[in-house]
Amino acid sequence: MQFDDDLIACAEAVQKGDPDRFLAAMAAPVEARPLLFALYAFNIEMSRAPWASQESMIAEMRVQWWRDVGAEIASGGQVRRHYVATPLARLVNHEAAQVIDAMAEARRWDIYRDPFEDEAAFDTYIDATSGDLMWMAAASLGPADEGVVRDYAYAAGLAAYLRAIPELEAQKRVPLLDGTEAGLVRLAERGLDRLAAARRRRQAISSAASSALLPGWQAGAILRQVRAEPARVAAGALGLSEFRRRVSLMWQAGTGRL
């Protein structure tokens, strides 16, 4: 598929707004990139909607707008014209797009300053914001076991979330149920357990769908950093060197291993 103006705009938005997913999309086969750029541009729009205004009602309206787009796509009917919504509707698996509703509901948490009610609520948030996105990508690209995708996506989403803790706290949010070092270690171990479960069943992901999992390529290393040095979270010091970051992505893309 050739890149039209909408897809070019999606790719540019991802390059600017989500550099890690941009690299992951560029490491994917050429035929997978249109879908991935449309999905990742959608994710940027959805994730920014709660922060669009200090007025909660306006932020709610922005989230609802994307929720309505998701309903239009999932129904297979007419979808409103938008540089992201238009190519997304054309490329994404419409059945899988039903999860957009849960993604929007999860993003409502970002509007307010209430803490998560419990561990289940936290896990639901990570699964909706990371797992639903990765599942839409995988289901649109090829055969994949949803449980394996979601295990991997949980680890990836948790690693990304932990990197965002300093910014969330600066915005007066309460991002963690237990922000102590011991609590962070337990959280990292849960993520690593889910990652290990996905790796044990890697064969349940087809070669075509495996490109959907590339954005999680740093998850294991970051979660191991948290387990070994939990103080890195508050310091905003999680992440890999640029060299290791790129080499490890190339390795995962080339081998198909998680």
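Numbering of the sequence shown is given in my numbering, commencing with residue 417 and proceeding in unit increments. All C-beta atoms, glycine included, are put in the ideal place defined by N, C-alpha and C.
Within the same chain, and ignoring the five residues on either side of S664 in sequence, the residues whose Cβ sits closer than 8 Å to its Cβ are W633, Q634, A637 and L656.
Counted as a single uninterrupted DSSP element, the alpha helix (DSSP H) harbouring G433 occupies residues D421 to G433.
By the C-beta criterion, the segment 446-460 is judged to be in contact with the segment 497-505, since at least 3 inter-stretch pairs fall below 8 Å. A560 has I621 as its beta-bridge partners, per DSSP.
Using a C-beta cut-off of 8 Å, the segment 501-516 makes no contact with the segment 467-476, since fewer than three inter-stretch Cβ pairs fall below that distance. Given a length threshold of 4 residues, each whole run of the alpha helix (DSSP H) inside the segment 634-663 is given here in chain order: 635-644 and 647-651. For R606, same chain residues with a beta-carbon under 8 Å away, outside a window of 5 residues either side, are L574 in chain order. Between the alpha carbons of I527 and E476 lies a distance of about 8 Å. One Cα belongs to G558, the other to D530, and the distance between them is close to 38 Å. E511 carries a coil assignment under DSSP once its states are collapsed to helix, strand and coil.
Comparing alpha carbon positions, the residue from L578, R661 and G672 closest to A651 is L578. Measuring C-alpha to C-alpha distances from A580 to each of D548, R616 and I542 identifies I542 as the nearest. In the DSSP annotation of this structure, the continuous segment of the alpha helix (DSSP H) that includes V485 starts and ends at S472 to S491. In the structure shown, E597 adopts helical secondary structure according to DSSP, grouped into three states. No residue range can be given for Y499, since it is assigned to no alpha helix (DSSP H) and is classified by DSSP as neither H nor E. In the three-state scheme derived from DSSP, where H, G and I count as helix and E and B as strand, D530 is classed as coil.
The alpha carbon of R437 has as its nearest neighbour, out of A537, L549 and W667, the alpha carbon of L549. By the beta-carbon neighbour count (other beta carbons within 10 angstroms, threshold 16), W551 is buried. For R589, no alpha helix (DSSP H) run applies, since DSSP gives it neither H nor E. Collapsing the DSSP output to three states places S546 in a helix. In terms of Cβ geometry, P646 and L611 do not form a close pair [threshold 8 Å]. Counting the other Cβ atoms within 10 Å of the Cβ of P435 gives fewer than 16, which makes it exposed.
Around the CB of R660, fewer than 16 other CB atoms lie within 10 Å, so the residue is classed as exposed. No Cβ-Cβ contact shorter than 8 Å links Q668 with L608. Between the alpha carbons of A644 and K588 lies a gap of roughly 27 Å.
The shortest C-alpha to C-alpha distance from E488 to any of A598, R662 and E511 is the one to E511.
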